[in-house]
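Q: So that we are looking at the same thing, I have put the structure below in structure tokens.
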């Protein structure tokens with residue numbers, strides 16, 4: 156393949172984007188940028204930016220919200236959409252595809268959700284603080300895997316797969332918690348409208364519709380808007396829409412290879428010209444190859460691959476930038492040991508570790524599951540600590556749990572502190588117990 160001057164610029168960027176640790180690094184940088192921004196004299200620009208309002212009109216209905224709200228309810232629906240596709244892919248053919256594979260990460264995820272929630276409630280048994288019990292339940296997959304990838308080949312691939320499967324199962328649990336426990340007053344008319352759009356998506360899948368644009372228009376223009384107006388959190392629409400995306404190919408591998416060989420041979424049989432332009436016949440066979448490639452691909456994987464960079468490098472950093480703005484003043488340091496923040500920090504640091512490591516020990520001790528191949532208990536302990544990195548999802552649940560600004564800020568600060576400590580301790584444990 157001929158290299159052109161622009162490749163000198165784009166190739167390093169492409170390599171950086173493809174790195175497993177990049178999304179986590181960018182998320183961390185965005186959070187730090189927000190912290191610095193709000194603790195400077197430019198703090199009013201920060202608040203004014205996210206308070207900017209704009210509207211969306213749909214079938215005579217107008218929805219007006221701040222930029223901050225659109226990011227949390229709108230763009231984050233795309234984040235959950237990608238999570239939904241990852242979940243479907245893992246269930247169909249990944250680490251959650253069989254009981255034997257799924258048992259350990261699912262059990263660890265359940266332990267890692269239940270124990271932190273119980274610990275939080277022990278610190279906060281009464282309202283309104285009690286409503287934050289869902290905050291320490293979550294694991295941030297981008298941060299956790301980003302930290303793990305910094306260790307490179309020192310870490311067994313099986314441990315990365317275990318942590319990824321655990322985080323995906325954890326995300327499913329968080330979605331269910333949001334759906335059932337963090338939902339406001341429900342409009343059954345809007346919810347019924349959403350159900351109609353969901354039925355259309357399911358029917359299109361059953362009929363063999365593979366156009367991703369169709370699913371995008373019905374999923375966002377129909378299902379998401381209906382859920383946004385229903386009172387059920389709009390991010391649930393992202394997960395439901397993702398589960399309707401077709402995950403089947405139109406042709407099998409053998410047919411694909413046979414037809415591809417034929418098209419390539421036909422392409423080679425066309426007599427080339429002496430200029431850089433292709434012959435019309437060559438263009439014809441290229442189009443056939445493109446069509447054949449689409450038939451051999453699944454819309455689910457194609458869409459996930461296309462949206463992942465958008466979510467990882469725009470939506471999640473933007474969410475971090477708009478939500479991590481915590482002012483470190485005298486009142487912050489006076490209140491940091493409030494039961495709410497203590498419950499979150501102990502839940503993420505201690506509860507997550509006990510839940511993940513404890514359930515893993517029980518499953519392996521009774522021979523219901525096995526350690527990931529090539530991994531040791533020290534590796535599993537490090538992974539259990541990394542599960543306490545709850546940044547994105549914990550911040551998201553915080554916004555749903557607390558309308559009180561003081562509790563909201565304290566909770567976010569606790570999430571940041573706990574995530575930083577969990578990430579550092581997990582990294583150190585794995586680094587000390589890993590070989591080249």
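Numbering (my numbering), first residue to last: 156 to 591. Note that CB positions come from ideal geometry on N, CA and C, so glycine has one too. Remember, predicted model here, so these are calculated numbers, not experimental data.
Out of curiosity, what's the CA-to-CA distance linking residue 480 and residue 201?
A: C-alpha of residue 480 to C-alpha of residue 201: approximately 8 Å in a straight line.
Q: Find the nearest neighbour of residue 486 within the set 528, 524, 561 and 468, judged by alpha-carbon distance.
A: Comparing Cα-Cα distances from residue 486 to each of 528, 524, 561 and 468, the minimum goes to 561.
Q: Look at the Cβ atom of residue 263, then the Cβ atom of residue 501, and state whether they are nearer than 7 Å.
A: Judged by beta-carbon spacing, residue 501 lies beyond the 7 Å limit of residue 263, meaning their Cβ atoms are not closer than that value.
Q: Smallest Cα separation from residue 334: which of 232, 219, 508 and 476?
A: Distances from the alpha-carbon of residue 334 to those of 232, 219, 508 and 476 put 232 closest.
Q: What span of residues does the alpha helix (DSSP H) with residue 514 cover, start to end?
A: 507-520
Q: For residue 266, count neighbouring Cβ atoms within 10 angstroms of its own Cβ and tell me buried if that reaches 16, exposed if not.
A: buried
Q: Please list the terminal residues of the continuous alpha helix (DSSP H) segment that includes residue 432.
A: Counting along the chain, residue 432 falls outside any alpha helix (DSSP H), and DSSP gives it neither H nor E.
Q: For residue 361 and residue 393, what's the separation of their Cα atoms in angstroms?
A: Roughly 19 Å between the two C-alpha positions.
Q: Excluding the five sequence neighbours on either side, which residues of its own chain have a C-beta within less than 8 Å of the C-beta of residue 169, listed in chain order?
A: With a pLDDT of 46 at residue 169, under the threshold of 50, the modelled position of this residue cannot be trusted, and the question is left open.
Q: Counting contacts by CB-CB distance shorter than 7 Å, is residue 512 in contact with chain D?
A: Among the chains of the structure shown, chain D does not appear; only one protein chain is present.
Q: Assuming contact is defined by CB atoms lying nearer than 7 Å, are residue 179 and residue 298 in contact in what I supplied?
A: yes
Q: Could you check which residue in 414, 404, 397 and 589 has the C-alpha nearest to that of residue 235?
A: 397
Q: Evaluate the contact criterion for the segment 397-407 versus the segment 444-456: three or more CB pairs, one atom per stretch, below 8 Å.
A: They touch, by the three-pair rule.
Q: Going by CA-CA distance only, name the one from 219, 300 and 207 that's closest to residue 314.
A: Among 219, 300 and 207, the Cα nearest to that of residue 314 belongs to 300.
Q: Candidates 223, 275, 270 and 329: which alpha carbon is nearest residue 242's?
A: 329
Q: Applying the 10 Å Cβ sphere with the 16-neighbour rule, what's the burial state of residue 303?
A: buried
Q: DSSP three-state call for residue 411: helix, strand or coil?
A: helix
Q: Mind reading off the beta-carbon distance from residue 271 to residue 506? Whole number of angstroms is fine, and I expect it under 8 Å.
A: 3 Å
Q: Kindly indicate the opening and closing residues of the alpha helix (DSSP H) around residue 358.
A: 343-362
Q: Taking the CB atoms as reference points, tell me whether residue 383 and residue 349 lie closer together than 7 Å.
A: When the beta-carbon positions are compared, residue 383 and residue 349 stay at least 7 Å from each other.
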